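Student: Take this structure, written in structure tokens, and hold onto it; I'll ask about it next.
In the numbering used here, the protein residues as written are 1133 to 1492.
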């Protein structure tokens, strides 16, 4: 079964955090599978520690094939050596045996555990050999299905917060601020932070609005996400992340433009863009559209054409919401330096190589 949460919880998170609201709209409802069998989930977590997902799947399948149904009695009746032969270390096999013994002896009573608060339930689980705080929190979330789990020890959650709110680092005080913000529905918030944290997004597209709809485009240089207010293109950015896709004529136009761009064919008229930003930013972004295909300019040259400073131009270019069509990748530093690109220098280099090779 999937983790049980509803639109009310998502609306609560959205009302308290604008960027989370955009993430919810962009990604749709995220489903996460759970395992209500806490004993089985405990053993799975021990088996999966410090090995790859592929290795875990192989070893865990051996456990399921060997035991058929995983119970404390079956583990207790098995020898340490035979458990090791399934593909776990002696230490892990010992942890597994000890957990089974404690459950069988009611030293760990799942009924009592279910009545405890999150903090106290985690503390009881952490008394088991091989169960640290992060493992206990994941058991609370994915087996006991607690609604308010927020793990500071989870790297992807911290990275998701970094991207979502443009933090350089997520310190404990910053993390606790968001725990308070998302409580009592931190578990649902965690699903979205995981999705963002495990993506290759370099930054969160803060130019988006909750009324936008989305589509994805598979390009030779990485997945492109399209955003629209249903009439105009409001965003085009790179990111390997699953979005809730909608149909829109503007997306059809944009995809046709991108098809031609990457296939080295004559470009059709670009889709209608609605820039969101200050008047100065819009002026810079419209100037970007004048840079010819296959050409580059510098921040200094761009600033000169706008009668302003390179620094201010650079700031606006870095916030361009519609990449590629407003081709900010064609702006480079002095001496041909491949300076910053919001969606990754590697993508900037690939786009320039495509244009230099094709020379439309």
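Glycine is no exception: its CB is placed at the ideal position from the N, C-alpha and C atoms. These figures come from a predicted structure and were not determined experimentally.
1. Which residue's Cα is closest to the Cα of residue 1306: 1340, 1430, 1284 and 1262?
2. Mapping the DSSP letters down to three states, classify residue 1358 as helix, strand or coil.
3. May I have the straight-line CA-CA distance separating residue 1176 from residue 1192, to the nearest angstrom?
4. Return the first residue and the last residue of the beta strand (DSSP E) that residue 1365 is part of.
5. May I ask you to report which of helix, strand or coil DSSP gives residue 1455?
6. What residues in its chain sit with their C-beta under 8 Å from that of residue 1457, if we drop five residues either side in the sequence?
7. Could you give the DSSP three-state label for residue 1301: helix, strand or coil?
8. From residue 1356 to residue 1301, what does the alpha carbon distance come to, in whole angstroms?
9. What do you get for residue 1347, buried or exposed, if any count of 16 or more other CB atoms within 10 angstroms of its CB means buried?
10. Using CA atoms only, rank isn't needed, just tell me which of 1358, 1449, 1464 and 1250 is closest to residue 1426.
11. Measuring CA to CA, which of 1459, 1317 and 1436 is closest to residue 1418?
12. Counting only runs that start and end within the region 1230-1304, where is the alpha helix (DSSP H) found for 4 or more residues in a row?
13. Could you tell me whether any Cβ in chain E is nearer than 8 Å to the Cβ of residue 1422?
14. With a 10 Å radius around its C-beta and 16 neighbouring C-beta atoms as the bar for buried, classify residue 1446 as buried or exposed.
15. CB residue 1292 to CB residue 1328, shorter than 8 Å?
16. Thinking C-alpha only, which one of 1392, 1208, 1243 and 1259 is nearest residue 1236?
17. Roughly how far, in whole angstroms, is the beta-carbon of residue 1263 from the beta-carbon of residue 1257, given that I think they are within contact range, below 8 Å?
Tutor: On the basis of the coordinates in this document:
1. 1284
2. strand
3. Residue 1176 and residue 1192 have their C-alpha atoms some 7 Å from each other.
4. 1365-1370
5. coil
6. 1365, 1368, 1386, 1389, 1402, 1403, 1405 and 1421
7. coil
8. 26 Å
9. buried
10. Out of 1358, 1449, 1464 and 1250, the CA that lies nearest to the CA of residue 1426 is found in 1464.
11. 1459
12. 1242-1247, 1250-1257, 1265-1274 and 1287-1297
13. Given the protein chain composition of this structure (a single chain), no chain E is represented.
14. buried
15. Yes. Within cutoff.
16. 1208
17. 5 Å
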